[in-house]
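Student:
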Amino acid sequence: MTGYHVTTRKKFLRYLQTGRIWPPVRFWTTIADAEQFSRQTGRRVILRITVPDAAIRPYPGHRGRARVCHEAVVLRDF
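Written out as structure tokens, the structure is:
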């Protein structure tokens with residue numbers, strides 16, 4: 004599944020160093036939801052990520068639109 008992870012510049016630089024996002028990885032299913040969350044929180048970096056379908060669980064709250072993955076997500080195409 005493709006999702007959108009919202010983060011800060013500082014965390015994004017850490018992701019680049021390690022080559023992955025360590026769990027739990029919270030993400031949104033649509034870019035519109037990710038953009039809205041970005042505006043609300045001030046987190047300006049939005050990453051499009053691919054998450055294994057078997058590892059996806061609903062994330063409590065966020066009107067049922069957020070998901071969480073309990074496996075590391077490897078970053079590609081940077």
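One gets this note's numbering by counting positions in the sequence shown from 1 and adding 3 to each.
Beta carbons are placed, not taken as given, at the ideal position from N, Cα and C, and that holds for glycine.
Assign A69 to one of three DSSP states: helix, strand, or coil.
Tutor: Taking the first residue of the sequence shown as 1, we reach residue 69 at position 66. A69: strand per DSSP, three-state reduction.
Student: Can you tell me the Cα-Cα spacing of I24 and G67, whole angstroms?
Tutor: On the sequence shown, position 21 is the one that residue 24 refers to. On the sequence shown, position 64 is the one that residue 67 refers to. C-alpha separation (whole angstroms): 22 Å.
Student: List the residues that DSSP assigns as beta-bridge partners of Y7.
Tutor: Here the question's residue 7 lines up with position 4 in the sequence shown. Partner(s): W31 and R51.
Student: Using three-state DSSP, classify R46 as helix, strand or coil.
Tutor: Within the sequence shown, residue 46 is the residue found at index 43, counting from 1. Three-state DSSP puts R46 in coil, outside helix and strand.
Student: Taking DSSP as the reference, what is the three-state secondary structure of R79?
Tutor: As a working mapping, residue 79 is identified with position 76 in the sequence shown. Looking at R79 - three-state DSSP - the assignment turns out to be coil, as it is neither helix nor strand.
Student: Can you list, in chain order, the residues of its chain with a C-beta nearer than 7 Å to that of P61? Leave out the 5 residues immediately preceding and following it.
Tutor: Reading the sequence shown from its first residue, position 58 is the one you call residue 61. Cβ neighbours of P61 beyond the five flanking positions: G67 and R70.
Student: Nearest-angstrom Cα distance between I93 and T21?
Tutor: The structure shown has nothing for residue 93, since the chain only spans 4 to 81.
Student: Determine, using beta carbons only, whether A57 and P26 come nearer to each other than 8 Å.
Tutor: One-based indexing of the sequence shown puts residue 57 at position 54. One-based indexing of the sequence shown puts residue 26 at position 23. No, they are not a contact pair.
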